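Undergrad: The number in our numbering is simply the position in the sequence shown, starting from 1, with 1 added. Every residue gets a Cβ at the ideal spot worked out from N, C-alpha and C, and that includes glycine. None of these values were measured; they are calculated from a predicted model.
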Amino acid sequence: MSAVTQQAQAGPEGLTFLPDARIGMPFYYEAPVSLGSAAIGANCRFGRGSYINDGIMRENITVGRYCSIGRRVTIGAPNHPLDFATSATGLLAECDARQGITPDPVKPAETVIGNDVWIAENVIILENLRIGDGAAIGAGAVVTADVPPFAIMVGAPARILRYRFDEAVCTELAHAAWWQYAHDYLTTLPLRDIAATLKRLDSDKPVPDPVAYTRIAPPG
Numbered sequence: 002m003s004a005v006t007q008q009a010q011a012g013p014e015g016l017t018f019l020p021d022a023r024i025g026m027p028f029y030y031e032a033p034v035s036l037g038s039a040a041i042g043a044n045c046r047f048g049r050g051s052y053i054n055d056g057i058m059r060e061n062i063t064v065g066r067y068c069s070i071g072r073r074v075t076i077g078a079p080n081h082p083l084d085f086a087t088s089a090t091g092l093l094a095e096c097d098a099r100q101g102i103t104p105d106p107v108k109p110a111e112t113v114i115g116n117d118v119w120i121a122e123n124v125i126i127l128e129n130l131r132i133g134d135g136a137a138i139g140a141g142a143v144v145t146a147d148v149p150p151f152a153i154m155v156g157a158p159a160r161i162l163r164y165r166f167d168e169a170v171c172t173e174l175a176h177a178a179w180w181q182y183a184h185d186y187l188t189t190l191p192l193r194d195i196a197a198t199l200k201r202l203d204s205d206k207p208v209p210d211p212v213a214y215t216r217i218a219p220p221g
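#1: Look at the alpha carbon of Ile120 and the alpha carbon of Ile138, and state the distance between them as a whole number of angstroms.
#2: For the stretch 26-40 against the stretch 55-75, are there 3 or more C-beta pairs whose distance is under 8 Å?
#3: Closer than 6 Å by C-beta to Thr63: which residues in its own chain qualify, once you throw out the five before and the five after it? Chain order, please.
#4: Taking buried to mean at least 16 other C-beta atoms within 10 Å of its own C-beta, is Asn80 buried or exposed?
#5: According to DSSP, which residues form a beta bridge with Leu127?
#6: With a cut-off of 8 Å on the beta carbons, I'd call Ala224 and Pro150 a contact; round off their distance for me.
#7: With 16 as the cutoff for other CB atoms within 10 Å, does Ala4 come out buried or exposed?
#8: Write down every uninterrupted run of the beta strand (DSSP E) in the stretch 34-110 whose length is 3 residues or greater and which is fully enclosed by it, in chain order.
#9: Among residues of its own chain, excluding the 5 on either side of Val124, which ones have a beta-carbon nearer than 6 Å to its beta-carbon?
#10: If you follow the beta strand (DSSP E) that Tyr182 is in, where does it begin and where does it stop?
#11: Rank Leu199, Lys108, Ile153 and Ala89 by C-alpha distance to the C-alpha of Glu173 and give the top, closest one.
#12: Mapping the DSSP letters down to three states, classify Val113 as helix, strand or coil.
#13: By the 10 Å Cβ neighbour count, where 16 or more other Cβ atoms means buried, how is Leu130 classified, buried or exposed?
#14: Could you tell me whether the stretch 154-167 touches the stretch 28-35, where touching means 3 or more Cβ pairs closer than 8 Å?
#15: Cutting at 7 Å between CB atoms, please list the residues of its own chain near Gln7, excluding the five before and the five after it.
#16: Would you mind working out which of Trp179, Val212, Arg193 and Ile217 sits nearest Asp205, comparing C-alpha positions?
#17: Pull up the distance between the alpha-carbon of Asn44 and that of Ala152, whole angstroms please.
#18: Assuming Val118 and Cys68 are in contact, meaning their beta carbons sit under 8 Å apart, how far apart are those beta carbons, in whole angstroms?
#19: Should Val107 be labelled buried (16 or more other beta-carbon atoms within 10 Å of its own) or exposed?
#20: In terms of residues, what are the limits of the alpha helix (DSSP H) holding Thr261?
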C-alpha cells in the first residue's frame, strides 16, 4: 500500500487518497483503505486492507478485504445495447422521449470483487460479474465472465491460465477464509507458509471479525 499512499492525504479515519481522486457518495469502507487517484462511483464498498492505484470504478461495486488493484483499471464497465439499429445510447434516449416510449427498468448492475484478489494494470472487468476469492487478473485482461476462486486469468477475453494452487490447497484456503478474522490476529500468522497457516487456524479456531463499514455521505 505504501506505493499508493506516498503522497496521499488523509480523509476520514483510515481512508487515504491522492488529491485528484473522486469519490462518489455514499461510500463505504473498512479501515485501512487507500483509493490512490481513482474515480469511484456511488454505493461502492471497500474491505479492510484493500487499495486501488488509479482507474475507474463504476457504481455499486464491492471490493473484499486485502485486495490489490493496479493502475488504469476499469471495474464495472457497462455494455452498450447491440440488439437495436444503433448502439448509441444518447440517440436511443432521444428517440424514446420523442416517441413516448418508456424502456423497461434496468436493474442496477452489481460487481463483486472477492477477498485477497490481485488485479494488475490495464484490466477491464465488465459489470455484473463476480471475481472469486484469491483470484489474480493479469495485466491487460478483459474479464467478461465470472472468475472462480484462486484462478489466474489472462487475455482478452480473459481465460483461466491456471489456478494459484492445486485443488486440495484451493479448497482448504477457501474453507479457512483467513481474511474473515481480525487484522491483529492475521499479523501473527505465518502467511508465507500455507500449511503452517492452515494448521494455526485449525488449532486456534479464531472468532470471525464481521465486516463493519464506515459510511461517508454528503451532509444533510
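TA: This is what the structure gives:
#1: A direct Cα-to-Cα measurement between Ile120 and Ile138 gives close to 5 Å.
#2: They touch, by the three-pair rule.
#3: Contacts found: Arg46 and Val113.
#4: Label assigned to Asn80: exposed.
#5: In the DSSP output, where bridge partners are listed per residue, Leu127 has Ala78.
#6: Since the first residue shown for the chain is 2 and the last is 221, residue 224 is missing from the structure and cannot be characterised.
#7: A caution first: Ala4 carries a pLDDT of 42, below 50, which makes its placement in the model unreliable, though a value can still be read off. Around the beta carbon of Ala4, a 10 Å sphere encloses fewer than 16 other beta carbons of the protein chains shown; the residue is thus reported as exposed.
#8: For the stretch 34-110, whole beta strand (DSSP E) runs of length 3 or above, ordered along the chain, are 45-47, 56-58, 62-64 and 74-78.
#9: Once the five neighbours on either side are set aside, the close Cβ partners of Val124 are Val74, Ile138 and Ala142.
#10: Neither: Tyr182 is in no beta strand (DSSP E) and is coded neither H nor E.
#11: Ranking Leu199, Lys108, Ile153 and Ala89 by Cα distance to Glu173 puts Leu199 first.
#12: Note: Val113 maps to strand in three-state DSSP.
#13: Only buried fits Leu130, as 16 or more other CB atoms lie within 10 angstroms of its CB.
#14: Not touching, per the Cβ criterion.
#15: Interpretation of Gln7 is limited by its pLDDT of 47, a score under 50 that renders its predicted location unreliable; the figure taken from the coordinates is listed afterwards. In its chain, beyond the 5 residues on either side, no residue has a beta carbon closer than 7 Å to the beta carbon of Gln7.
#16: Measuring C-alpha to C-alpha distances from Asp205 to each of Trp179, Val212, Arg193 and Ile217 identifies Trp179 as the nearest.
#17: Looking at the two C-alpha atoms, the distance is approximately 27 Å.
#18: Contact holds; Cβ gap of about 5 Å.
#19: Around the beta carbon of Val107, fewer than 16 other beta carbons lie within 10 angstroms, which makes this residue exposed.
#20: This structure does not reach residue 261, given that the chain is present from 2 up to 221, and the question cannot be answered.
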